[in-house]
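Notes for the one structure printed next.
Number of protein chains: 2
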Amino acid sequence: MENEMTMDVIVQTILELLKQKKYSKARDEILKNNSVDIAEIIEEVIEELGIEKAIVLFRTLPKDVSAEVFAYLPIDDQLDIINGINDREIQHIIDELDFDDMIDVLEELPANLVDKILEKSTKEERKLINTFLNYPETSAGSLMTPDYISLRRDMTVAEAMAYIKKEGMDRETVYTCYVKDAGRKLVGIVSLRNLVISDDNMKVESLMHEDMIYVHVLDDQEDVSDIFKKYGFLAIPVVDNEQRLVGIITVDDILDVIDEETTEDFQKMAGMAVSTEEYLDMSVWHHVKNRVPWLFVLMCSYIITGSIIRNFEAMLSQVIVLVAYMPMLMGTGGNSGSQSATLVIRGMALGDVELRDVGKVLWKELRVSFIIGVVLSALNFARVCWLDGEGPLIALTVCGAMLVIVMAAKTIGSMLPMGAKKLGIDPALMASPMIASLTDMVSVCTYFALATIILGI
Amino acid sequence: MENEMTMDVIVQTILELLKQKKYSKARDEILKNNSVDIAEIIEEVIEELGIEKAIVLFRTLPKDVSAEVFAYLPIDDQLDIINGINDREIQHIIDELDFDDMIDVLEELPANLVDKILEKSTKEERKLINTFLNYPETSAGSLMTPDYISLRRDMTVAEAMAYIKKEGMDRETVYTCYVKDAGRKLVGIVSLRNLVISDDNMKVESLMHEDMIYVHVLDDQEDVSDIFKKYGFLAIPVVDNEQRLVGIITVDDILDVIDEETTEDFQKMAGMAVSTEEYLDMSVWHHVKNRVPWLFVLMCSYIITGSIIRNFEAMLSQVIVLVAYMPMLMGTGGNSGSQSATLVIRGMALGDVELRDVGKVLWKELRVSFIIGVVLSALNFARVCWLDGEGPLIALTVCGAMLVIVMAAKTIGSMLPMGAKKLGIDPALMASPMIASLTDMVSVCTYFALATIILGI
């Protein structure tokens, strides 16, 4: 909290200096921060004063800082800056970026600009970059970096340490080293920790783990992040079809993947198309396009609910008071169902609930929903009789319906996501909106059928 | 996927061997796996064959493996195992555990057992353990470990490396080293990478970063995980009120925190009390207790909706067909509101949407909801007239209500979470169930009021 307060003050100071065109003062002020925070300040400048001022400020940064800051900016801002600086400056930034950050930028640039940048690379670099550009967006390949320490099994610890010292890698990629055979196949991993604490003349092969866990270049990023969560790794090797080591994925990139996947789940569970763009950056049309389809589908499902009600119109017009309890029954049904659906969907995502547990889940939900249904029905009976002054038959109808609806909603809410998973559909799609539509049908059916029986109309 | 298949086969083999009481064969089979997977297999054994068999298997494991496996088990299984083994075995496991894992276990053990274990520790260890046991459950203090490398600023790189080699720490905690002054105050950090690639006679103080980011021992774990996400750290130092370094938090523990916090958000957004217990492990009563309160509160909110409807009973009984469109209008309102609420809640959680953006959000939602409202109304007009064969006045009522309801729902859905945050209430509580209850009120009000005007009843 304190941190954020200070940040706000810094941002305001810099915005003020820029408005007064005191650029060198603004630069001095911004350089007191680390690269992550400088990127955040530049984002604010773009938002508040526009891209031109931000580019002026960006250009005053020392060359080594500017590339690092650039890497931390969101992709939109990166593109805006690229459009505002000259080719030489672009080339400089691209050269300074870590390989995986460079690939992210190149993926978004127009083809002619990419070609211009690639012209200046060596043939091998071009080949490597092109390979990386072709991995699907959510694959392990798109997350990995080819910057890693690769050792030979016959090296001694002293040789390995000398090699690492010579390579002098950037960043955290150095903490796990990879041992490859002559065919570039991955044969083992050894941690820098192990090298540091071992005797100089020990062989790498005696220190390395051979039963390492790795992922394939086309594996989905969600599976990769599950492996990180399970084993607590700092980095994981990525291999191709021939088991050759092609890159590594580090845990800092996985933190972003987890956020992205969670956002997707939230969006699906609220009945929306998935988008990783930031809320405010998305255009009105894009928002509309993401939200209308599910709303429309769900709206159509109410055609069935509507025609059920029409079938009971004659009865309803005789006991119009029944209408007053409809929203409560439907609402409580929807809420009950969402609770169960959310628990089951989340349980499956975390691996706590498996498909084979379907019997256990059903049995648990039946008991839970029976108790909840009885409690809510009893409270309602009191309300309908005393608060609303209706007769016991109306109260019985409402409360009987409540019990059935809660039980049906919780059964639907828990079973639908499991059924979806069984069929290979993402369970997150079977969340609140879908469950609410279905339970609404069940609710009106149950309610009016019970009314017909109990009230004898 | 392949991985999981193999795992299933291994588990089945071991279960079969245990059923046939071939314990040493089962041990040989289980020892082919790494500790994380062994823990998973033991979990399965507990679930399928009961704790007794699992303890027999657990006891056959070599001492160094058993402590590591123990650390990866869920807390319930840990307690069951502790209850089934003797004091000497318990002592052994506790001694072998990493400090932070040991604290997690001790927190859950009954006091007399903790005392017995602490008896055998030195006075200093006891004091340290007691301090750690007193940190609140979701604080930075409860996540940290006191196992870290601490250096002095006047050490040379060679001295520092020799010291690290001598200490020979477990795990990843070695990759960032902490420089403290005489008063144990944190003065800088230096990465192992930097030590490895620097000349032996350079001083630590010339390599260390002094503007490091740290957290306070009582900071909330969610704030800590936000810092990890922002900066991509592998570890972060934790200080007390006097700025003295008391421990570090490593990124692998943050992955668990992120999962926990996400689960809490999902639960809150579905109108439930927060629980970190696994779905199947939670008792029926616990499930009921977590779900009933919100269902009850929301049910009560429908008393208002009910009385609005009662006010319009006379009109309704004249045009009973209006009832058939109620579920659709309420459902679509609820769904529209949830979409906006989810986007805004998630946007705020990720820092994309700030409180000061309230005007931008409102303006965006108004435009988005107007377009969506018009689209859905137009489609509905067609349906009511052609499909249902109702007159244009009924169609106009339904479609006018649809437009107003969608716009109101999206405004409520986006503004309520922001208002909650402003008031210091968790925005996640203002999600689908709450929004649906509110929009239902707005929906019936709007619908019947419009009906009165348009149909002139």
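Residue numbers (the working numbering), protein chains in the order written: chain U, 1 to 457; chain G, 1001 to 1457. Backbone N, C-alpha and C define an ideal beta-carbon position, used for all residues, glycine too. All figures in this text were calculated on a predicted structure; none of them were measured in a lab.
Looking at the DSSP output, U:Arg244 sits in a beta bridge with U:Lys185.
Judged by beta-carbon spacing, U:Glu107 lies beyond the 7 angstroms limit of U:Leu79, meaning their Cβ atoms are not closer than that value.
Residues of chain U whose Cβ lies closer than 9 angstroms to the Cβ of G:Pro1433 are, in chain order, Gly331, Gly334, Asn335, Ser338, Gln339 and Ser432. Among the bridge pairs identified by DSSP, U:His92 is matched with none. Taking a Cβ-Cβ cut-off of 8 angstroms, the neighbours of U:Lys229 in chain G comprise Leu1255, Asp1256 and Asp1259, given in sequence order. Residues of the segment 356-369 of chain U whose Cβ lies closer than 7 angstroms to any Cβ of chain G, in chain order: Asp357, Lys360, Lys364, Arg367 and Val368. Interface flag for G:Lys1203 against chain U is unset, since no Cβ pair is found closer than 7 angstroms.
Contact between G:Ala1451 and G:Met1315 holds, with the beta-carbon distance rounding to 6 angstroms and staying under 8 angstroms. In the three-state reduction of the DSSP assignment, U:Thr262 falls in the helix class, which pools H, G and I. Taken atom to atom, the span from the alpha-carbon of G:Val1257 to that of G:Gln1221 is near 7 angstroms. Shown here, U:Asp64 sits in a helix according to DSSP, grouped into three states. A direct Cα-Cα distance of roughly 14 angstroms separates U:Ile248 from U:Asp101. The alpha-carbon of U:Ile454 is positioned some 41 angstroms away from that of U:Met348.
Following the DSSP letters along the chain, one finds G:Ser1150 in no alpha helix (DSSP H) but inside the beta strand (DSSP E) bounded by residues Ile1149 to Leu1151. In this structure, G:Ser1340 sits near G:Lys1410, with a CB-CB distance shorter than 7 angstroms. Taking 7 angstroms as the threshold, the shortest C-beta distance from U:Ile394 to chain G does not fall below it. If you look at U:Lys180, you'll find it in the beta strand (DSSP E) that goes Thr176 to Lys180.
Within chain G, the residues whose beta carbon sits less than 8 angstroms from that of U:Gly271 are Asn1335, Ser1338 and Gln1339, listed in sequence order.
Counting along the chain, U:Val238 sits inside the beta strand (DSSP E) bounded by residues Ala235 to Val239. The segment 66-83 of chain U and the segment 35-51 of chain U touch, with no fewer than 3 CB-CB distances between them shorter than 8 angstroms. Contact between the segment 365-380 of chain U and the segment 396-412 of chain U is present, with at least three C-beta pairs closer than 8 angstroms. Counting along the chain, G:Gln1318 sits inside the alpha helix (DSSP H) bounded by residues Glu1313 to Gln1318.
Nearest Cα to G:Phe1296 within the set U:Gly389, U:Asp226, U:Glu124 and U:Arg383: U:Arg383. In the three-state scheme derived from DSSP, where H, G and I count as helix and E and B as strand, G:Val1442 is classed as helix. U:Gly333 is positioned such that its CB atom lies closer than 7 angstroms to that of U:Thr439.
Within chain U, the residues Phe266, Gln267, Met269, Ala270 and Met272 have their CB atoms less than 8 angstroms from the CB of G:Thr1342, given in chain order. By the beta-carbon neighbour count (other beta carbons within 10 angstroms, threshold 16), U:Arg193 is buried. Straight across, the Cα-Cα distance linking G:Glu1040 with G:Leu1073 is about 7 angstroms. When C-beta distances to chain G are compared with 7 angstroms, the residues of the segment 277-292 of chain U below that value are Glu278, Tyr279, Leu280, Val284, His287, Val288, Arg291 and Val292, in chain order. Annotation: the continuous alpha helix (DSSP H) that includes G:Ala1341 extends over Met1326 to Leu1350. Within the same chain, Cβ atoms closer than 6 angstroms to the Cβ of G:Ala1140 are found at Val1215, Val1217, Asp1219, Val1224 and Val1238, the five residues on either side in sequence being excluded. Residue pairing from DSSP places U:Val215 in a beta bridge opposite U:Val238.
The beta-carbon separation of U:Met144 and U:Ile304, rounded to 48 angstroms, does not stay under the 8 angstroms limit for a contact.
At least one beta carbon of chain G lies nearer than 7 angstroms to the beta carbon of U:Ala324. A direct Cα-Cα distance of roughly 20 angstroms separates G:Trp1294 from U:Ser443. Here G:Lys1229 is near U:Leu255, since their CB atoms are less than 7 angstroms apart.
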